[in-house]
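Numbering (my numbering), first residue to last: 232 to 749.
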């Protein structure tokens, strides 16, 4: 068995690949456009980040399945065809970066380049031909950066991050916003292809390696966060098997039993048939059966209660590395929604006023739900340019499929449905109806109330609804009162009255309107 190492050290701020800080001020107005290149055992990818500092958007994203580490365990060298394809991709990435006028690219290479005997030679070749300097990181750094990528989307993450590549698999603890113990192993699919002894020998190797990993990072982790293309492909297949209605992979959650059932289903299925059902590339799917065996054993060894998929990994971890602590602790969902409002809404800043106006209706809800309500208010007007006939559906699509961190699938649909009701009274007959099944009856009603509250508040007073009136909600008596301030009666016209009544009907409440004298 390949030796493993564990290390819980936290590296300082002077780690070489990063150069100048991306964020010179924790209250930075926006993220500098910055490119990151990840040279892995299976894929070579360029990501260019852009957008709000705490929740960056993906300005550009390109991946080549080069297979650089294929056959490494057998030959000890990088795959010749993989080298050719990776070098061609890196030449292109360097030219793209020049065309985009980016700062110098941050280029990180992982297991294949660090373990191959010709890895140093490949580094020199890349630098000579492209001008890009590859920083080769060890397994512990790979685990740490992947874990930091998870923290970018889940600041409150607690559990075990599992990152699988072509030639290695890393584990790292996350708790309290920090990365703890971490360990690297040779459980990547390319490595497993070289294990001798047939099916039984392979299973014995996976079991023994997983036991060693458990000794290094401990058991009892209730949540496992999956990072890596093979895990995302597995999750996509789990969605297909379950007929799951939402295809967003980030924060997709699986139970242990579902993982075991899907692993068995994959083992019994034809790769070509799986490709036809998911659209996943053949190069990726060829590795999934081996990855599925690893995930099955991970579940059996560590016994987590929940397995969550993260679209954020080492590339996002490189970005997170540069963030000051107070920027890291900001809510990624709220920061992304603030950025959307600032760049797409008719009146940036109104979302906060709308939230304060409708808050009396929701004041008794838990904080976790109130943050989603705040997000909805920030997004309520960001699709105003869409055709009125399609605005409601555009809102729903944006919320459920947007690149938003810190948002579960249930919360995505809740947010989308609230925004749909912001523009439309009824949800019946919507093409999104299959997604509504992710919400229970209470959540459906609450999202409708939120949408209709925003629908009324957004048009009641253009600049600040609180300047014109206040809402008072008496849940026991089922009375919603609008207290109009003196001089604001004219704002409560026919359309406003109809929308206020619609809100009261959604609450099952009696409407009451009073005028407050000076």
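Positions of the beta carbon are idealized from the N, C-alpha and C atoms, including for glycine.
Would you mind reading off the limits of the beta strand (DSSP E) that contains residue i?
i	result
residue 394	390–395
residue 366	365–367
residue 405	400–406
residue 745	741–747
residue 705	700–705
residue 411	409–416
residue 468	Per DSSP, residue 468 belongs to no beta strand (DSSP E); it is in the alpha helix (DSSP H), 460–473.
To the nearest angstrom, how far is the alpha carbon of residue i from that of residue j?
i	j	result
residue 438	residue 569	46 Å
residue 478	residue 649	20 Å
residue 608	residue 682	9 Å
residue 728	residue 699	14 Å
residue 495	residue 422	21 Å
residue 454	residue 537	5 Å
residue 390	residue 405	6 Å
residue 294	residue 735	51 Å
residue 298	residue 312	8 Å
residue 358	residue 546	20 Å
residue 490	residue 500	15 Å
I'd like the list of long-range same chain contacts for residue i, defined as Cβ closer than 8 Å, with 5 residues on each side in sequence excluded.
i	result
residue 333	264, 265, 266 and 279
residue 745	712, 713, 714 and 715
residue 726	690
residue 426	432, 433 and 436
Once the 5 residues before and after residue i are set aside, which same chain residues still bring their CB inside 6 Å of it?
i	result
residue 639	482
residue 361	321, 322 and 325
residue 393	402, 455 and 457
residue 652	679, 682 and 683
residue 317	275, 297 and 299
How far does the alpha helix (DSSP H) with residue i in it reach, from first residue to last?
i	result
residue 594	Run containing residue 594: none; DSSP gives neither H nor E here.
residue 440	429–448
residue 712	Looking at the DSSP string, residue 712 is not in any alpha helix (DSSP H); the run it does join, the beta strand (DSSP E), is 710–716.
residue 732	725–738
residue 693	Careful: residue 693 lies outside any alpha helix (DSSP H) and carries neither H nor E.
residue 577	No alpha helix (DSSP H) contains residue 577, which DSSP labels as neither H nor E.
residue 379	370–384
residue 722	It is not in any alpha helix (DSSP H) - residue 722 carries neither H nor E in the DSSP assignment.
residue 556	556–559
residue 477	No alpha helix (DSSP H) contains residue 477, which DSSP labels as neither H nor E.
Counting only the same chain and skipping the five closest in sequence on each side, list residues whose C-beta sits under 7 Å from that of residue i.
i	result
residue 471	508 and 509
residue 740	709, 710 and 711
residue 532	441, 442 and 445
residue 562	602 and 637
residue 308	347, 348 and 349
residue 733	656 and 683
Under the assumption that residue i contacts residue j (Cβ atoms under 8 Å), give the Cβ distance between them as a whole number of angstroms.
i	j	result
residue 273	residue 397	4 Å
residue 344	residue 270	6 Å
residue 365	residue 340	5 Å
residue 336	residue 303	Incorrect: roughly 25 Å between the Cβ atoms, too far for contact.
residue 525	residue 497	Going by Cβ atoms, the distance from residue 525 to residue 497 rounds to 12 Å, so no, they are not a contact pair.
residue 540	residue 466	5 Å
residue 551	residue 277	With 8 Å as the limit, residue 551 and residue 277 do not qualify as a contact, their Cβ atoms being about 18 Å apart.
residue 190	residue 585	Since the displayed the chain opens at 232 and closes at 749, residue 190 lies outside it and no answer follows.
Does the CB of residue i have a neighbour CB from chain D at under 8 Å?
i	result
residue 459	The chain inventory of the structure shown lacks chain D, comprising one protein chain alone.
**Request:** Run through the region 496–544 for me and flag every whole alpha helix (DSSP H) of 4 or more residues, listed as ranges in chain order.
**Result:** Runs found: 502–509, 513–516 and 519–533.
**Prompt:** At which residue ranges does the region 606–681 contain complete beta strand (DSSP E) runs of 3 or more residues, listed in the order of the chain?
**Reply:** Positions of the beta strand (DSSP E) runs, each at least 3 residues long and wholly inside the region 606–681, cannot be given because no such run exists.
**Entirely enclosed alpha helix (DSSP H) segments - the region 284–368, minimum 4 residues** = Listed in chain order, they are 303–306, 311–330, 342–346 and 350–361.
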